[in-house]
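Chemist: Sharing a structure, written as structure tokens. Questions coming.
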Amino acid sequence: MIEILNITPITEWFASLKQPLLIAGPCSAESEEQVIETARGIAKIGKIQVLRVGVWKPRSRPGTFEGAGDEALQWLKKVKVETGLLTTVEVATPLHVEKAIAAGVDILWIGARTTSNPFSVEQIAQALKGIDIPILVKNPVNPDLELWIGTLERLNRAGITKLAAVHRGFYPYERTRLRNIPKWELAIDLKSRFPNLPILCDPSHIAGLASLVPEIAQKALNLSLDGLMIEVHRNPTLALSDAKQQITPAQLDSMLKELVFRSPSSPNTDFVDILEQLRNKIDSIDQQMIDLLAQRMRIVEEMGEYKKNNDVSVFQMRRWEDILKSRIDFGKRLGLDEDYIKNLLQLVHKESIKKQADILNRKDKLSTE
Ligand code: PEP
Ligand code: MN
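Residue numbering for the sequence shown follows numbering that gives the first Met the number 0, beginning at 0 and increasing consecutively.
This is how it looks when you write it as structure tokens:
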């Protein structure tokens, strides 16, 4: 179902920018030289239209670097004049909004932590009443699509029509290869519910590591997302925040040369896009399934060790019956066939038993989870 966000002029403001929209810049503003030198390197590439800078940084722990604050807005003014780049900063409070707008910042962005908090979003929306400045809305920390949409709606109701979303991944419960889990299927759902809404990707916060940024950026382009927001620092090793995931302007330049940009002008784009989007949803879900199977197996191993150390290993028929019954019931409620779930569980269970049997050194005991 297509829902209507009142964002009709959106296509105009976004279409007036280069496609796909490329945004780059340091995680945080540290010093005038750092901001201006990084901006120069970015502008020189000739493909980036917007400089991103975190002026006020939301940090998990107090006492860590929180951005240079108000004075950095003056550095951004200089950057605009010298390089012609547009500027975007993160706003989290009405005071940020007021100061950023007064300093002539072109685009505002709402960070993941703020999107997660409807009280803050409402205050920002009120501060923006009557000012139709473009706003990028990052996804909330947790994979809650309604919360993401809710933030867009609150802004929209305050009269903001120039909106775009940014997929920056979701907080992982377990340590994974990536800093934040990309749930492409959520971004795709958002796109199908609001076809007018441009969706960008922030590969830096998904990757968490500079070396993984290109692969995530390519994935976003393959999905026909509308742009990228990339963290770039003149000297990432010295960065005061997110040092591991920032790349240099030179690395950005070579990454952009290697990325494959899909042509938006293929006559069959719609058809190809839909198929591609469905395939990408499946890919993303399969990856998450395998990740979960790996997590499950690690717990099975832990149980194996535990049983071995306590010498309490027996095949627990009751437990297995409970597992089967509860999972089959759960599957049925979701419209899945009983045999499908049973076969799948038997496979998973068989492998778990094998793993525990290995751990128990193939003694005479069989165990179940
Ligand atoms: C950032 O862009 O530097 C940032 C803090 O991002 P997020 O809100 O996505 O964590
Ligand atoms: Mn950052």
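Every residue, glycine too, gets a C-beta built ideally from N, C-alpha and C.
Looking at the secondary structure, which residues open and close the beta strand (DSSP E) in which L227 lies?
Modeler: The residue you call residue 227 lines up with position 228 of the sequence shown. Run containing L227: 226-230, per the beta strand (DSSP E) assignment.
Chemist: Whose CB is closer than 5 Å to a heavy atom of the ligand MN? List the residues in chain order.
Modeler: Going by the Cβ distance cut-off, the answer is C26, D241.
Chemist: Using the Cα positions of Q33 and F193, report the straight-line distance between them to the nearest angstrom.
Modeler: Translated into positions along the sequence shown, residue 33 becomes position 34. Translated into positions along the sequence shown, residue 193 becomes position 194. Going from the Cα of Q33 to the Cα of F193 covers about 38 Å.
Chemist: Which residue or residues does DSSP assign as beta-bridge partners of L199?
Modeler: In the sequence shown, counting from the first residue as 1, residue 199 sits at position 200. Partner(s): V165, G226.
Chemist: Between G110 and C26, what straight-line distance do the alpha-carbon atoms span, to the nearest angstrom?
Modeler: As a position in the sequence shown, residue 110 is number 111, starting the count at 1. As a position in the sequence shown, residue 26 is number 27, starting the count at 1. In a straight line, the C-alpha of G110 is about 12 Å away from that of C26.
Chemist: Should T37 and P181 be called a contact, given that it needs their Cβ atoms to be closer than 8 Å?
Modeler: Walking along the sequence shown from the start, residue 37 turns up at place 38. Walking along the sequence shown from the start, residue 181 turns up at place 182. No, these two residues do not count as a Cβ contact at 8 Å.
Chemist: Alpha carbon to alpha carbon, how far is R112 from D241? Give it in angstroms, no decimals.
Modeler: Counting from 1 along the sequence shown, the entry for residue 241 is found at position 242. Counting from 1 along the sequence shown, the entry for residue 112 is found at position 113. Roughly 16 Å between the two C-alpha positions.
Chemist: Nearer than 7 Å: is that true of the beta carbon of S119 relative to any heavy atom of the ligand NAP?
Modeler: You won't find the ligand NAP in this model; what it holds is the ligand PEP and the ligand MN.
Chemist: Let's test the definition: count the other Cβ atoms within 10 Å of the Cβ of E89 and tell me whether it reaches 16, buried, or not, exposed.
Modeler: Residue numbering aside, residue 89 sits at position 90 when the sequence shown is read from its first letter. The residue in question, E89, is buried, as its Cβ has 16 or more Cβ neighbours within 10 Å.
Chemist: Out of A219, I246, V104, which one is the CA nearest neighbour of A209?
Modeler: For this step, residue 209 is matched to residue 210 along the sequence shown. Ranking A219, I246, V104 by Cα distance to A209 puts I246 first.
Chemist: May I ask you to verify whether the segment 276-286 touches the segment 58-77, counting CB pairs closer than 8 Å and requiring at least 3?
Modeler: The segment 276-286 vs the segment 58-77: no contact.
Chemist: Rounded to a whole number of angstroms, what is the C-alpha to C-alpha distance between L211 and F260?
Modeler: Here the question's residue 211 lines up with position 212 in the sequence shown. Here the question's residue 260 lines up with position 261 in the sequence shown. Those two C-alpha atoms are separated by around 18 Å.
Chemist: Please report the residue range of the beta strand (DSSP E) in which I109 lies.
Modeler: Residue numbering aside, residue 109 sits at position 110 when the sequence shown is read from its first letter. From DSSP, the beta strand (DSSP E) with I109 extends over 106-109.
Chemist: I'd like to check one pair, I340 with I358: are the Cβ atoms closer than 8 Å?
Modeler: For the purposes of this step, residue 358 is taken as residue 359 along the sequence shown, with counting starting at 1. For the purposes of this step, residue 340 is taken as residue 341 along the sequence shown, with counting starting at 1. Going by C-beta atoms, I358 is not nearer than 8 Å to I340.
Chemist: Helix or strand or just coil, what does DSSP make of S27?
Modeler: Along the sequence shown, one-based indexing puts residue 27 at 28. Correct three-state label for S27: strand.
Chemist: By DSSP, does G45 sit in helix, in strand, or in coil?
Modeler: To locate residue 45, count along the sequence shown from 1; it is residue 46. Of the three classes helix, strand and coil, the one that applies to G45 here is coil, per DSSP.
Chemist: How is T236 classed by DSSP in three states: helix, strand or coil?
Modeler: Position 237 of the sequence shown, counted from the first residue, corresponds to residue 236. In the structure shown, T236 sits in a helix (DSSP, three-state: H, G or I).
Chemist: With a threshold of 16 other CB atoms inside 10 Å of the CB of A124, please say whether the residue is buried or exposed.
Modeler: Walking along the sequence shown from the start, residue 124 turns up at place 125. A124 should be labelled buried.
Chemist: Report all residues from its chain with a CB closer than 8 Å to the CB of P93; omit the five preceding and five following residues, and keep chain order.
Modeler: For the purposes of this step, residue 93 is taken as the residue at position 94 of the sequence shown. Excluding residues within five positions, the ones whose Cβ falls inside 8 Å are Q122, I123, Q125, A126.
Chemist: Among the candidates N342, V104, E184, whose CA atom is the shortest distance from the CA of Q287?
Modeler: On the sequence shown, residue 287 is found 288 positions in, with the first residue counted as 1. It is E184.
Chemist: Rounded to whole angstroms, what is the Cα-Cα separation between D290 and V78?
Modeler: Residue numbering aside, residue 290 sits at position 291 when the sequence shown is read from its first letter. Residue numbering aside, residue 78 sits at position 79 when the sequence shown is read from its first letter. Approximately 43 Å, taken between the alpha carbons.
Chemist: What does DSSP give as the partner residue(s) for K128 in the beta ladder?
Modeler: Start at 1 with the first residue of the sequence shown, and residue 128 comes out as number 129. Beta-bridge pairing links K128 to no other residue.
Chemist: Compare the C-alpha of I198 against each of S15, E11, P19 and name the closest.
Modeler: Walking along the sequence shown from the start, residue 198 turns up at place 199. Taking only the C-alpha atoms, the option nearest I198 is P19.
Chemist: Does the Cβ-Cβ distance between I44 and L227 come in under 8 Å?
Modeler: In the sequence shown, counting from the first residue as 1, residue 44 sits at position 45. In the sequence shown, counting from the first residue as 1, residue 227 sits at position 228. No. Outside cutoff.
Chemist: To test your reading of the DSSP string, which unbroken alpha helix (DSSP H) runs of 4 or more residues are found completely within the segment 241-298?
Modeler: Counting whole runs of 4 or more residues, the segment 241-298 contains the alpha helix (DSSP H) stretches 248-257.
Chemist: Just to check my reading of the structure: A164 and L151 have Cβ atoms closer than 8 Å, yes? What is that Cβ distance to the nearest angstrom?
Modeler: As a working note, residue 164 is residue 165 in the sequence shown. As a working note, residue 151 is residue 152 in the sequence shown. That pair is a contact at about 7 Å.
Chemist: Could you tell me if the beta carbon of H416 falls within a distance shorter than 7 Å of some heavy atom in the ligand PEP?
Modeler: This structure gives no information on residue 416, because the portion of the chain shown stretches from 0 to 368.
Chemist: Going by the DSSP bridge assignment, what does T160 pair with across the sheet?
Modeler: What you label residue 160 is simply residue 161 of the sequence shown in a count that begins at 1. DSSP output for T160 lists no bridge partner at all.
Chemist: For T114, does the three-state DSSP call read helix, strand or coil?
Modeler: Translated into the one-based positions of the sequence shown, residue 114 becomes position 115. T114: helix per DSSP, three-state reduction.
Chemist: Return yes when the Cβ of K161 is within less than 8 Å of the Cβ of P202, no when it is not.
Modeler: For the purposes of this step, residue 202 is taken as residue 203 along the sequence shown, with counting starting at 1. For the purposes of this step, residue 161 is taken as residue 162 along the sequence shown, with counting starting at 1. No; because the gap between Cβ atoms is not below 8 Å, this pair is not in contact.
Chemist: Taking the alpha carbon of S283 as the reference point, which residue from E300, K218, H232, K331 has its own alpha carbon closest?
Modeler: Here the question's residue 283 lines up with position 284 in the sequence shown. Taking only the C-alpha atoms, the option nearest S283 is K218.
Chemist: In whole angstroms, what separates the C-alpha of R318 from that of T114?
Modeler: Position 319 of the sequence shown, counted from the first residue, corresponds to residue 318. Position 115 of the sequence shown, counted from the first residue, corresponds to residue 114. Those two C-alpha atoms are separated by around 42 Å.
Chemist: Roughly how many whole angstroms lie between the Cα atoms of K306 and I352?
Modeler: Position 307 of the sequence shown, counting from 1, holds the residue named residue 306. Position 353 of the sequence shown, counting from 1, holds the residue named residue 352. So the two alpha carbons sit approximately 12 Å from each other.
Chemist: Out of curiosity, what's the CA-to-CA distance linking A99 and S15?
Modeler: Translated into the one-based positions of the sequence shown, residue 99 becomes position 100. Translated into the one-based positions of the sequence shown, residue 15 becomes position 16. One C-alpha to the other measures close to 22 Å.
Chemist: So, using beta-carbon positions, are L237 and G207 closer together than 8 Å?
Modeler: As a first step, residue 237 is located in the sequence shown; it is residue number 238 there, counting from the start. As a first step, residue 207 is located in the sequence shown; it is residue number 208 there, counting from the start. No. Outside cutoff.
Chemist: Is it buried or exposed, E11, if we count other Cβ atoms within 10 angstroms and call 16 or more buried?
Modeler: Position 12 of the sequence shown, counted from the start, is the residue given in the question as residue 11. Exposed, since its Cβ has fewer than 16 Cβ neighbours within 10 Å.
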